[in-house]
Amino acid sequence: MSFVSPGFTGRRRAGPPGRLPPGQHDVGDGFPVLSAGPTPRTPLETWDFAVTGLIRPERRWTWEEFRRLPREAPTVDIHCVTSWSKLGTRWEGVAVDTLLAGVETDAAFAVAFSDGGYTTNLPLADLTGGRAWVVDTFDGRPLDPEHGGPARLLVPHLYFWKSAKWVRGLRLTARNEPGFWETFGYHDRGDPWLEQRYAGD
Ligand SMILES: Nc1nc2c(c(=O)[nH]1)N[C@H]1C(S)=C(S)[C@@H](COP(=O)(O)O)O[C@H]1N2
Ligand SMILES: [Mo]
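Count the sequence shown with the working numbering and you get residues 91 to 291, in order.
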C-alpha cells in the first residue's frame with residue numbers, strides 16, 4: 091500500500107541528478123502557460139525590435155531584418171518560480187550579444203519591454219556573455235503566441251519570469267528599475283540555484 095498516488099509521483103518528477111534547482115520539479119513533456127494578461131497579436135508587418143535608452147543612435151530591426159541576423163540554437167533548462175522546470179528545451183533565435191555588438195554605453199542594466207505592457211529588469215551582465223537570446227522558434231517550429239510568439243526573451247539561467255514574452259525591445263538604463271513582477275515583490279535578480287524567489291530571499 092502506498093500513500094503517494096501514482097499521479098502525484100508522475101507529475102512531481104525528480105529529474106536527472108544536478109539538473110533541478112532547489113524546490114523545483116520536472117514537468118516532463120508539459121509546457122505550462124503563465125501570462126499576466128491576454129495574449130497580444132502583433133502583425134509581423136508592424137513588429138520591430140528596438141534597443142533604446144542609453145544608446146545613440148538607437149537600434150531597430152524590422153521582422154525581416156531580425157530574421158536575417160546571425161542565429162543560434164540553444165538547448166537549455168528553464169525554471170519557473172512557481173516551481174516547475176522543463177529540461178532540454180530547444181530554441182532558435184538571436185543572441186543578445188549580437189543585438190548589442192559594438193554598443194558603447196554607460197548603462198549597467200536593461201528593462202525588457204513587451205507588447206501588452208509587461209516589463210522585467212536585468213543587469214546587462216545577465217543579458218550578455220552568451221546567456222540570453224531573443225528567440226522566435228521552439229522545438230523547430232515558430233513560437234506559439236501563448237508562449238511569447240512571435241519572439242520572446244530567453245534568459246534560462248534566471249527564473250522564467252525574466253524571459254519576457256512578446257518582447258519588443260531592451261531599454262538600457264544606468265540604474266536598476268524594477269519591472270512588473272519585481273515591483274510586486276519578486277526578487278530583483280531571480281537566480282533559481284540560489285532560490286531567489288522573492289525580495290529578501
Ligand atoms: N509578456 C509577458 N512575459 C512573461 C510573462 C507575462 O505574463 N507576460 N510571464 C512570465 C512568467 S512568470 C513565466 S513563468 C514565463 C512563462 O512562459 P510560458 O507561458 O511560455 O511558460 O513567461 C514570463 N514572461
Ligand atoms: Mo513564472
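Each residue gets a CB set at the ideal place from its N, CA and C atoms; glycine is no exception.
Measuring from the CB of residue 251, is there a heavy atom of ligand 2 at a distance below 8 Å?
Checking every heavy atom of ligand 2 against the Cβ of residue 251, one is found closer than 8 Å.
According to DSSP, simplified to helix, strand and coil, what is residue 161?
Three-state DSSP puts residue 161 in coil, outside helix and strand.
Which first and last residues belong to the beta strand (DSSP E) in which residue 262 is found?
Residues 257-263.
Should residue 243 and residue 222 be called a contact, given that it needs their Cβ atoms to be closer than 9 Å?
A contact, by the Cβ cut-off of 9 Å.
Using the C-alpha atoms, what's the distance from residue 114 back to residue 93?
At residue 93, the pLDDT of 43 sits below 50, so the modelled position is not reliable and the matter cannot be decided from this model.
Within 10 Å of its beta-carbon, does residue 283 have 16 or more other beta-carbons around it, so buried, or fewer, so exposed?
Its Cβ having fewer than 16 others within 10 Å, residue 283 is exposed.
Between residue 204 and the rest of its own chain, which residues show a CB-CB distance below 7 Å, the 5 nearest in sequence each way excluded?
Correct list, in chain order: 254, 255, 256, 257 and 258.
Using the Cβ count rule (16 or more neighbours within 10 Å means buried), how would you classify residue 91?
Confidence in residue 91 is poor, its pLDDT being 35 and thus under 50, which makes the residue's placement too unreliable to answer from.
In angstroms, rounded to a whole number, what distance separates the CA positions of residue 200 and residue 185?
Using only the alpha carbons, I get a separation of about 15 Å.
What did DSSP end up calling residue 215 once you bin it into helix, strand or coil?
Correct three-state label for residue 215: helix.
Would you kindly work out how many angstroms separate the C-alpha atoms of residue 262 and residue 197, rounded to a whole number?
Approximately 6 Å between the Cα atoms of the pair.
Using C-beta distances below 6 Å, list every residue in its chain close to residue 180, excluding the 5 sequence neighbours before and after it, in chain order.
So the qualifying residues of the chain are 165 and 229.
Just how far apart, CA to CA, sit residue 277 and residue 149?
If you take the alpha carbons of residue 277 and residue 149, they lie about 29 Å apart.
What whole-angstrom Cβ distance do residue 183 and residue 162 have, given they're in contact under 8 Å?
With 8 Å as the limit, residue 183 and residue 162 qualify as a contact, their Cβ atoms being about 7 Å apart.
Using the three-state DSSP reduction, which class does residue 94 fall into: helix, strand or coil?
Its pLDDT being 40, under 50, residue 94 is placed unreliably by the model, and nothing is read from it.
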